[in-house]
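S.K.:
In this note's numbering, the protein residues as written are 76 to 240.
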């Protein structure tokens with residue numbers, strides 16, 4: 076499967092899991108996409124750990140230093156899995172994988188070259204030096220009670236947007 080097919084399959088499966096998906100033609104469109112996704116007055120956690128995060132961090136006038144104080148987390152994630160539409164968040168470089176799980180809105184930036192076709196493909200890549208923590212996220216948080224009443228956002232973000240660059 077080529078890169079375009081992987082990207083299309085990932086975005087299709089992520090959308091089926093109720094994630095908002097945004098395919099950008101190039102990294103120069105990232106600022107514009109974020110301006111349309113993140114409310115201008117939102118408290119935003121953007122760790123600034125990657126080149127992409129540093130490039131967009133200045134967009135958020137209400138940037139907070141702790142994800143516990145944020146309404147929105149904007150971060151570049153480790154990668155994605157096409158077969159499930161899942162994000163892969165890793166603790167590499169001291170990143171807090173829970174940063175995308177606590178605020179009510181998670182905006183995940185995924186590089187096209189970091190999409191794995193399958194879970195097996197992901198695990199074969201990280202097997203030799205796995206991060207301390209690896210979290211897979213498929214769509215916004217959802218849970219159901221014994222009567223099967225679905226609730227969104229109880230145990231994690233109620234909104235998930237994925238930007239593929």
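Backbone N, C-alpha and C define an ideal beta-carbon position, used for all residues, glycine too.
For a quick check, are the C-beta atoms of residue 177 and residue 146 less than 8 Å apart?
M.R.: Translated into positions along the chain shown, residue 177 becomes position 102. Translated into positions along the chain shown, residue 146 becomes position 71. Against a cut-off of 8 Å, the Cβ pair of residue 146 and residue 177 comes out as no contact.
S.K.: Is residue 211 close to chain C, meaning its C-beta is less than 8 Å from at least one C-beta of that chain?
M.R.: Of the chains in the structure shown, none is chain C; there is only one protein chain.
S.K.: Using 8 Å as the threshold, is the C-beta distance between residue 167 and residue 194 below it?
M.R.: Locating residue 167 in the chain shown gives position 92, counting from the first residue. Locating residue 194 in the chain shown gives position 119, counting from the first residue. No; because the gap between Cβ atoms is not below 8 Å, this pair is not in contact.
S.K.: Would residue 191 and residue 240 be called neighbours here (beta carbons separated by less than 8 Å)?
M.R.: The residue given as residue 191 occupies position 116 in the chain shown. The residue given as residue 240 occupies position 165 in the chain shown. It is not a contact, given that the beta carbons lie outside the stated cut-off.
S.K.: Among 153, 182 and 183, which one has its Cα closest to the Cα of residue 169?
M.R.: Indexing the chain shown from 1 puts residue 169 at position 94. Comparing Cα-Cα distances from residue 169 to each of 153, 182 and 183, the minimum goes to 153.
S.K.: What is the rounded straight-line gap between the Cα of residue 86 and the Cα of residue 96?
M.R.: Taking the first residue of the chain shown as position 1, residue 86 is located at position 11. Taking the first residue of the chain shown as position 1, residue 96 is located at position 21. Cα to Cα, the separation comes out at about 6 Å.
S.K.: Please look up how many angstroms separate the CB atoms of residue 108 and residue 99, rounded, as I've assumed it's under 8 Å.
M.R.: Residue numbering aside, residue 108 sits at position 33 when the chain shown is read from its first letter. Residue numbering aside, residue 99 sits at position 24 when the chain shown is read from its first letter. Confirmed, Cβ separation roughly 6 Å.
S.K.: If we ignore side chains and look at the alpha-carbon of each, how far apart do residue 148 and residue 238 end up?
M.R.: Within the chain shown, residue 148 is the residue found at index 73, counting from 1. Within the chain shown, residue 238 is the residue found at index 163, counting from 1. Those two C-alpha atoms are separated by around 13 Å.
S.K.: Pick from 134, 212, 124 and 114: whose alpha carbon is nearest that of residue 105?
M.R.: Here residue 105 corresponds to residue number 30 of the chain shown, with the count starting at 1. Of the candidates 134, 212, 124 and 114, the one whose C-alpha sits nearest the C-alpha of residue 105 is 134.
S.K.: Compare the Cα-Cα distances from residue 101 to each of 115, 165, 171 and 186 and report the closest residue.
M.R.: Position 26 of the chain shown, counted from the start, is the residue given in the question as residue 101. The candidate whose alpha carbon is nearest that of residue 101 is 186.
S.K.: What does DSSP give as the partner residues of residue 95 in its beta bridges?
M.R.: Your numbering for residue 95 matches position 20 in the chain shown. For residue 95, which the question treats as bridged, DSSP gives the partners 236.
S.K.: Which one of 82, 110, 128 and 138 has the shortest CA to CA distance from residue 118?
M.R.: To locate residue 118, count along the chain shown from 1; it is residue 43. Selected option, being the one with the closest Cα: 138.
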